[in-house]
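Below: the structure, in structure tokens.
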Ligand code: HEM
Ligand code: SF4
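Protein chains in written order, with this note's numbering: chain A, -5 to 399; chain B, 297 to 377.
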């Protein structure tokens, strides 16, 4: 690991040896618990500077309290999202939309997209989501008494819902799962290659829908108007790419961490199986305990924030896994209590960029758990196997071999 | 009981309406409708749960003040020996 120079304006006493990438428990670890590993920051100061806290090794301020994260994320004027992470990895410069836009442009696109994934719309999508879950689980149940939840259920499930959203047939499922895997977990060769493939695919799909409109997401986007004009090709691409990557790993990780918890906690598993009405609340607690996203903002001006001299251009990290273990916000934050009420967790972020797909994601997770528990008898982690977990920009779980023999 | 709606803070999490859909009405984008909400007698428990579920703190509970205690109903006391 390279040791980065800490900027001069950061007081040395505010620097801590902590990183979502390199701290203990963050590297791929068999039977790891990266969420518990980061919760230890609450024993220290509420804000500190981490010299190495992004994938490309940059330093960030780390905001640990939920209340402070809310302040940062609600103030898009001071804390900007403008970063073009995805395209800059390709040596290009276009934003993922709406993720990497700031207000007021953000609001224009957000309003355009909100109805497509609103709570009402999700009610309409629900039957298809449930049908997909049932099909996949029935196939698993018919083929034996163990499976790898990630490979056999979580990924195909989330990818196929994305395909439905885009109006694409399921026979391309494996191709897409492969792209997603390479993009999210590939090495330095596979990652950009997958990124290029996805961009080319989105561009091609947009061209096709412009020529032959159908009733789907992409047709809506290419026909849409903002401020009295059609969207540019770059804008269409920015939306398409974001919707592709935003809902795959995140939902899969939530399902994986959730089922791993239930596999290790048989009492909770039995309770949810016997009383499935509890699943909606339980899913919120699992999202609180095992969220996947670290949000990063860039300061647009100098600001002294709760004693931290944040300067223009500094990166500010608001990790949901840290906010969700804040003892000032949650009683006994390190205890998973599936009946927890008033659970205002940060898994979907705060402020104007609050996850656009949160309503769909919640339904996918609840439906996934409901159908799994209804169709798979008491399950545990298979002997002599260990789920590999990892930290980083997106916390994840690589494999989860369950056994119900 | 009244719920004060800070519309500008709402980011459309829809947690309020998940708790109490009859109390918290959302627009087509999934954001809360503007205007404070007067909660009917029986709906208070769900409504306050809904308000407490807002991650953005956009919903503020404004309980009707408790009936005032008439001062002379309280035994006057002299704290002096
Ligand atoms: C459990 C699953 C998910 C989690 C934990 C999650 C988390 C998040 C978070 C934390 C943000 C805020 C990012 C920021 O403020 O910079 C976000 C934004 C976003 N998410 Fe999700 N997400 C999930 C599923 C989905 C799904 C299924 C979709 C799409 C179908 C989706 C689409 C989006 C989009 C489009 C944005 C950008 C919103 C904006 O910038 O206004 N997400 N997500
Ligand atoms: S929970 Fe809060 S942010 Fe979400 S819709 Fe209701 S008022 Fe808006």
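Using N, Cα and C, we set each Cβ at its ideal position, and we do this for glycine too.
For residue 113/A, the chain B residues whose Cβ falls inside 9 Å of its Cβ are 308, 310, 313, 314, 322, 326, in order along the chain. Within chain B, 307, 351, 352 have C-beta atoms less than 8 Å from the C-beta of residue 344/A, given in sequence order. Ranked by how close their Cα comes to the Cα of residue 173/A, the residues 165/A, 184/A, 163/A have 184/A in first place. When rounded, the separation of the alpha-carbon atoms in residue 316/A and residue 178/A is 22 Å.
Here the region 25 to 34 of chain A makes no contact with the region 294 to 312 of chain A; the two share fewer than three CB pairs at distances below 8 Å. Taking a Cβ-Cβ threshold of 9 Å, the residues of chain B close to residue 336/A are 345, 348, 349, in chain order. Going by beta carbons, residue 207/A and residue 219/A fall outside the 8 Å limit. Between residue 70/A and residue 345/A, the alpha-carbon positions lie close to 8 Å from each other. Within chain B, the residues placing a beta-carbon under 7 Å from that of residue 109/A are 324, 325, ordered along the chain. Straight through space, the alpha carbons of residue 230/A and residue 375/A are spaced by roughly 42 Å. Taken through DSSP and simplified to helix, strand or coil, residue 286/A comes out as coil. Looking at the backbone, the Cα of residue 160/A and that of residue 234/A are separated by about 9 Å.
For residue 227/A, same chain residues with a beta-carbon under 8 Å away, outside a window of 5 residues either side, are 197, 200 in chain order. The three-state secondary structure of residue 388/A, taken from DSSP, is strand.
Restricting attention to 204/A, 186/A, 98/A, the CA atom closest to the CA of residue 84/A is found in 186/A.
For residue 348/A, the residues of chain B that pass the 9 Å Cβ criterion are 307, 308, 309, 351, 352, in the order they occur in the chain. For residue 100/A, no CB of chain B lies under 8 Å from its own CB, so it is not counted at the interface with that chain.
Interface flag for residue 75/A against chain B is unset, since no Cβ pair is found closer than 8 Å. Neighbours of residue 384/A in chain B, taken as residues at a C-beta separation under 7 Å, are lacking, since the least C-beta distance is about 27 Å. Looking at the DSSP output, residue 322/B bridges to 328/B.
For the region 123 to 159 of chain A, the full-length alpha helix (DSSP H) segments reaching 4 residues or more read 149 to 159 along the chain.
In the DSSP annotation of this structure, the continuous segment of the alpha helix (DSSP H) that includes residue 173/A starts and ends at 167 to 179. In this structure, DSSP gives residue 376/A a state outside helix and strand, which the three-state scheme calls coil. Using a 10 angstroms sphere on the CB of residue 326/A, the tally of other CB atoms stays under 16, which defines it as exposed. With respect to chain B, the C-beta atom of residue 179/A has no partner C-beta closer than 8 Å. Taking C-beta atoms as the reference points, residue 162/A and residue 350/A fail to come closer than 8 Å.
Residue pairing by DSSP places residue 312/A opposite 289/A in a beta bridge. Rounded to the nearest whole angstrom, the C-alpha separation of residue 94/A and residue 146/A is 32 Å.
A distance below 8 Å separates the beta carbons of residue 41/A and residue 62/A. Between ligand 2 and residue 322/B, a heavy atom-to-CB distance of less than 7 Å is present. Its chain contains 344, 345 as the residues whose beta carbon lies nearer than 7 Å to that of residue 68/A, once the 5 sequence neighbours on both sides are disregarded; these appear in chain order. Taking a beta-carbon distance threshold of 8 Å, residue 78/A does not count as an interface residue toward chain B.
For residue 183/A, the three-state secondary structure derived from DSSP is coil. Not a single CB atom of chain B sits nearer than 8 Å to the CB of residue 36/A.
By the criterion of at least three beta-carbon pairs nearer than 8 Å, the region 355 to 371 of chain A is not in contact with the region 5 to 17 of chain A.
Contact check for residue 367/A against residue 265/A fails: the beta carbons are separated by 8 Å or more.
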